[in-house]
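Asks: Residue numbers (the numbering used here), protein chains in the order written: chain X, 837 to 1313; chain D, 837 to 1313.
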């Protein structure tokens, strides 16, 4: 197996190497698209299962809307179409004929879903209406990277409709909290959360909330966003309801989504020099038993015990015996490491003599001998839970040690320009102009705004104008 | 609630009425596409869960390939592109520019998947390779009907690659057996199964196997197909492997699929005058408790017991208490009937006095009193299993009584032209010409070929030429 590029020296190449060597995905012959190979798709299936449960727990129902959006329909909400139309794929021919109206392939489904909401919502009794869709969407990106940015990607998009702004605000918060919980509990990802500045919000939204993780190269990366869309889409798509006193009202919309980009996030946050490190809850294979033997006799003895351990653990642990004869133990160690399997169990003749196995944790590399009799489901559950927590703790420690607060623009520049990178809290004057000057000079953008405002008299480090916000700057994916 | 069209008098309108009133789906503003509403999409989710488990049990792994197929790629297998290209949607513009190569939206994914197989398959050790994909596909249909035929539909497509024809044959059979089992066990659908005649096979296949159910209007409808694709795609996409003695060989491909059309199949096979009838294993709601009361006091007493029954059954039964105050019990009975919920539990003050509930089966309409103390999870599981079986038995009885064997063309015509319709086994001379003459005259096509050949000397009823096959004729969806 070829070696991975050095994570420190060439993070982008390391990222591509991990995807290839862990057999997660490959470039398709269609520009900017990827093929999700079985091991990579299994990650998305696990994500879907867990997140779908959380979405339903919010009282949201799944539905499915068409891939195609007629040009006249997508054009109704002006800000939205301005943001999305330039990056759409357009169908002009169908069934061998030129179409009378072009069809846009959905880049996101607000327009087609709210067109239906107009038919579904009549009375305050119909609200809140909460719909989610698991779907593929297409955005014509120029610079693509597997998972992180692809022409076609998979996601879920939640769309809800509410009687009041307060209800919509609560939904936007609830969706963001769901993502933050999911990120933390299932993916072991610590995230920052908050509101995006005006110039970074979703096209057509009132405001956007986001969760942001920090990659090991010091760059920010989104891990779930949630938008209060206000009443703009209600107006554009003519969605109305009669309130309790019979007065016609415009409802408030929210939308929120999480995509296959999150797989990229897991790689760049947890991955290390040896490849992927998967949180046990996400891992398609949680433990792999690698038998070690030279003679046929040893092989028989070792495999027998390996199968016994597998049988005991199988009901509660996703476990696999790697019984490939043509590969050496060393090759297997390497392969399961690059694939991020949380626990490797080595079992050789000397282990058998001592009635033990050698347990190797992927999160720390720690090796321990463990009596075979102690390889119980509950012991292994405890071990896996410990690894899940340890990955979170490592990522949180990294996030904390790479989050700085500065006052001067020089300090901001210095940190962003350093090899370490990271998040930088800095006072901001609240203008797009200043944010863009910072971005042009440092490549860092404002990821989120702080809940607390800057103290009286504090100035924006670049413009010298009094600051109105604390902004979280970082270079970003 | 408006009444359904009469199922006997106007089956097509009845079908559309059921879909509307059961709130399964609605026409989208995009021609030929539908919106899967939550209740309809819940059926697809249940189908996915059960079928996905069966697919994985065959050793097949899920993956995901791009929506787009470049024109040069789809064109490689001549028969296949001839069959599919005319019904494709074509993307000509992306990111605001005209594309240098047109992109076809997948009508099925053989071409793009086998293009990858060429990169993945090198040695006999890489075989068999078994991949499945859950995806949306687009075929530019002119005459569409919700679920049964839509421009965009959802499906799973399995694609496998084997060293020998025998291995491929076995896979094709295993996939068909999986569909037949799934149809029978999960959807309570009895099906005929067999091989399609040459002129009805999948474009580019060696042969196609199919399962066919019989709708209540006497028309056949596919419920899962499986194709042996031979070596044609291997050749077109240059897929090769070295066999055990180091010789280069062309592998054999299979593909097999089941789509959202199956939801239409469930409707037309099980539906009755009152609407949908869902097999309990498929039903998103298996039991609904309808409280009956006039006074507030009655309401409190009845709802209390309803909640208690719900709490007892909830862990094992998908149950719901319909506590809407603004709807009458009669309205609710009607609504849950049209939605096909297998069991309705009525609970009123008189029931309470007698410490009983009234249980109404959707499959038979049968009403029975049942002591509240007997409403145990196991009793209800038995009831639901009985309903699942009864729906199968009813459909099987219908299938059997609507399957005829004839010798003369007159008898074939008479049965096909009757109101009852159904399947007709008839001797066939094996020529496409005769099959097409029958189709032009009767609208019946050959759905499947019998395993047994006609007896020596038996002639095709229309051509008078000696018959080589027993053909199963029917009008079809």
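Cβ atoms here follow ideal geometry from the backbone N, Cα and C, with glycine treated the same way. The structure displayed is predicted, hence computed values, not measured ones.
Output the distance between the C-alpha atoms of residue 954 of chain D and residue 965 of chain D, rounded to the nearest integer angstrom.
Replies: Looking up residue 954 of chain D in the second chain gives position 118. Looking up residue 965 of chain D in the second chain gives position 129. The straight-line gap from Cα to Cα measures roughly 11 Å.
Asks: Applying the criterion that 16 or more other CB atoms from any shown protein chain within 10 Å of the CB defines a buried residue, is residue 1017 of chain X buried or exposed?
Replies: Here residue 1017 of chain X refers to the residue found at position 181 of the first chain. Label assigned to residue 1017 of chain X: exposed.
Asks: From residue 1305 of chain D to residue 979 of chain D, what distance separates their C-alpha atoms?
Replies: On the second chain, position 469 is the one that residue 1305 of chain D refers to. On the second chain, position 143 is the one that residue 979 of chain D refers to. Their Cα atoms are separated by approximately 32 Å.
Asks: Where do the ends of the beta strand (DSSP E) carrying residue 1006 of chain X lie?
Replies: As a first step, residue 1006 of chain X must be located in the first chain, where it is residue number 170. Element bounds for residue 1006 of chain X: not the beta strand (DSSP E) but the alpha helix (DSSP H), 1001-1021.
Asks: Find the nearest neighbour of residue 870 of chain D within the set D:881, D:1297, D:855 and D:884, judged by alpha-carbon distance.
Replies: Within the second chain, the letter at position 34 stands for residue 870 of chain D. Nearest option by C-alpha distance: D:855.
Asks: Taking buried to mean at least 16 other C-beta atoms within 10 Å of its own C-beta, is residue 1131 of chain D buried or exposed?
Replies: The count along the second chain starts at 1 and reaches residue 1131 of chain D at position 295. Classification for residue 1131 of chain D: exposed.
Asks: Going along chain D in order, which residues have a C-beta closer than 7 Å to the C-beta of residue 869 of chain X?
Replies: In the first chain, counting from the first residue as 1, residue 869 of chain X sits at position 33. Going along chain D in sequence order, the residues near residue 869 of chain X (Cβ under 7 Å) are 902 and 904.
Asks: The ligand FMN and residue 1096 of chain X: does any heavy atom of the ligand fall closer than 8 Å to the residue's C-beta?
Replies: Questions concerning the ligand FMN fall outside what the structure shown contains, since it holds no ligand whatsoever.
Asks: Can you give the beta carbon distance from residue 897 of chain D to residue 967 of chain D, rounded, assuming they're within the 8 Å contact cut?
Replies: For the purposes of this step, residue 897 of chain D is taken as the residue at position 61 of the second chain. For the purposes of this step, residue 967 of chain D is taken as the residue at position 131 of the second chain. Contact holds; Cβ gap of about 6 Å.
Asks: So, does the region 909-926 of chain X touch the region 880-897 of chain X, judging by three or more C-beta pairs under 8 Å?
Replies: No contact exists between the region 909-926 of chain X and the region 880-897 of chain X.
Asks: Based on Cα-Cα distance, which residue from D:1023, D:874, D:1243 and D:1006 lies nearest to residue 1101 of chain D?
Replies: Sequence index remark: in the second chain, residue 1101 of chain D carries index 265 (1-based). Looking at the Cα atoms, D:1023 is the closest of the given residues.
Asks: How would you list, in chain order, the residues of chain D whose beta-carbon sits under 8 Å from the beta-carbon of residue 972 of chain X?
Replies: Translated into positions along the first chain, residue 972 of chain X becomes position 136. Here the neighbours are 903, 971 and 972.
Asks: In whole angstroms, give me the CA-to-CA distance for residue 863 of chain X and residue 1249 of chain X.
Replies: Here residue 863 of chain X refers to the residue found at position 27 of the first chain. Here residue 1249 of chain X refers to the residue found at position 413 of the first chain. Cα to Cα, the separation comes out at about 35 Å.
Asks: Check this for me: beta carbons of residue 1020 of chain X and residue 1114 of chain X, under 9 Å apart or not?
Replies: Numbered from its first residue, the first chain carries residue 1020 of chain X at position 184. Numbered from its first residue, the first chain carries residue 1114 of chain X at position 278. No, they are not a contact pair.
Asks: I'd like the list of long-range same chain contacts for residue 1060 of chain D, defined as Cβ closer than 6 Å, with 5 residues on each side in sequence excluded.
Replies: In the second chain, residue 1060 of chain D corresponds to position 224, counting from 1. So the list reads 1015, 1047 and 1094, once near-sequence residues are dropped.
Asks: Along chain X, in chain order, which residues have C-beta atoms closer than 8 Å to that of residue 926 of chain D?
Replies: Your numbering for residue 926 of chain D matches position 90 in the second chain. Those within 8 Å of residue 926 of chain D in chain X are 927, 928, 929 and 930.
Asks: Would you say residue 898 of chain D reaches chain X, if we count a Cβ-Cβ gap shorter than 9 Å as a contact?
Replies: For the purposes of this step, residue 898 of chain D is taken as residue 62 along the second chain, with counting starting at 1. Yes, because at least one Cβ of chain X sits closer than 9 Å to the Cβ of residue 898 of chain D.
Asks: Give the single residue among D:1144, D:1312 and D:872 whose Cα lies nearest to the Cα of residue 971 of chain X.
Replies: Counting from 1 along the first chain, the entry for residue 971 of chain X is found at position 135. Among D:1144, D:1312 and D:872, the Cα nearest to that of residue 971 of chain X belongs to D:872.
Asks: Between the alpha carbons of residue 1243 of chain D and residue 1281 of chain D, how many angstroms are there, rounded?
Replies: Residue numbering aside, residue 1243 of chain D sits at position 407 when the second chain is read from its first letter. Residue numbering aside, residue 1281 of chain D sits at position 445 when the second chain is read from its first letter. Those two C-alpha atoms are separated by around 16 Å.
Asks: Please confirm whether residue 1075 of chain D and residue 847 of chain D have their CB atoms less than 9 Å apart.
Replies: Reading the second chain from its first residue, position 239 is the one you call residue 1075 of chain D. Reading the second chain from its first residue, position 11 is the one you call residue 847 of chain D. The answer is no: Cβ separation not under 9 Å.
Asks: Following the continuous alpha helix (DSSP H) through residue 857 of chain X, name the residue where it begins and the one where it ends.
Replies: To locate residue 857 of chain X, count along the first chain from 1; it is residue 21. Here the alpha helix (DSSP H) through residue 857 of chain X covers 847-857.
Asks: Closest by CA to residue 1291 of chain X, which one among X:1298, X:1299 and X:1303?
Replies: Stepping through the first chain from its first residue, residue 1291 of chain X is reached at position 455. Among X:1298, X:1299 and X:1303, the Cα nearest to that of residue 1291 of chain X belongs to X:1303.
Asks: Does the region 932-941 of chain D come close enough to the region 943-962 of chain X that 3 or more CB-CB pairs lie under 8 Å?
Replies: Not touching, per the Cβ criterion.
Asks: Closest to residue 1026 of chain D by C-alpha separation, out of D:1056, D:1288 and D:1083, would be which residue?
Replies: Mapped onto the second chain, residue 1026 of chain D falls at position 190. Ranking D:1056, D:1288 and D:1083 by Cα distance to residue 1026 of chain D puts D:1056 first.
Asks: Identify the contact partners of residue 939 of chain X in chain D, using a Cβ-Cβ distance below 8 Å as the criterion.
Replies: Mapped onto the first chain, residue 939 of chain X falls at position 103. Going along chain D in sequence order, the residues near residue 939 of chain X (Cβ under 8 Å) are 866 and 925.
Asks: Out of D:1119, D:1136, D:1169 and D:990, state which residue places its alpha-carbon closest to the alpha-carbon of residue 1153 of chain D.
Replies: For this step, residue 1153 of chain D is matched to residue 317 along the second chain. Comparing Cα positions, the closest option is D:1119.
Asks: Leaving out the 5 sequence neighbours to the left and right, which residues in its chain are closer than 6 Å to residue 1196 of chain D when beta-carbon positions are compared?
Replies: Residue numbering aside, residue 1196 of chain D sits at position 360 when the second chain is read from its first letter. Counting only Cβ-Cβ distances below 6 Å, and skipping sequence neighbours, we find 1180 and 1203.
Asks: Can you list, in chain order, the residues of its chain with a C-beta nearer than 7 Å to that of residue 858 of chain X? Leave out the 5 residues immediately preceding and following it.
Replies: Residue numbering aside, residue 858 of chain X sits at position 22 when the first chain is read from its first letter. 875, 1111, 1112, 1174, 1175 and 1176.
Asks: I believe residue 1146 of chain D touches residue 1125 of chain D by the beta-carbon criterion, under 8 Å. Please report the beta-carbon distance rounded to the nearest angstrom.
Replies: Here residue 1146 of chain D corresponds to residue number 310 of the second chain, with the count starting at 1. Here residue 1125 of chain D corresponds to residue number 289 of the second chain, with the count starting at 1. Indeed they touch by this definition, with Cβ atoms about 6 Å apart.
Asks: Check the Cβ-Cβ distances between residue 1123 of chain X and every residue of chain D, and say whether any is below 9 Å.
Replies: Mapped onto the first chain, residue 1123 of chain X falls at position 287. No, residue 1123 of chain X does not count as interfacial toward chain D.
Asks: Taking residue 1077 of chain X as the query, report the chain B residues whose CB atoms sit under 8 Å from its CB, ordered along the chain.
Replies: Absent from the structure is chain B; the protein chains it does hold are X and D.
Asks: Please compile the residues from chain D whose C-beta is within a distance smaller than 7 Å of the C-beta of residue 909 of chain X.
Replies: Numbered from 1 along the first chain, position 73 holds the residue referred to as residue 909 of chain X. Ordered by position in chain D, the residues that pass the 7 Å Cβ test against residue 909 of chain X are 865.
Asks: DSSP on residue 936 of chain D, reduced to helix/strand/coil?
Replies: Sequence index remark: in the second chain, residue 936 of chain D carries index 100 (1-based). If DSSP states are grouped into helix, strand and coil, residue 936 of chain D belongs with the strands.
Asks: Across which residues does DSSP place residue 1062 of chain X in a beta bridge pair?
Replies: Looking up residue 1062 of chain X in the first chain gives position 226. In the DSSP output, where bridge partners are listed per residue, residue 1062 of chain X has X:1045 and X:1092.
Asks: From X:1045, X:956 and X:1246, pick the residue whose C-alpha is nearest to that of residue 1297 of chain X; which is it?
Replies: Numbered from 1 along the first chain, position 461 holds the residue referred to as residue 1297 of chain X. Checking every option, the nearest Cα to that of residue 1297 of chain X belongs to X:1246.
Asks: Please say whether residue 1142 of chain D and residue 1183 of chain D have beta carbons closer to each other than 9 Å?
Replies: Counting from 1 along the second chain, the entry for residue 1183 of chain D is found at position 347. Counting from 1 along the second chain, the entry for residue 1142 of chain D is found at position 306. Yes; because the gap between Cβ atoms is below 9 Å, this pair is in contact.
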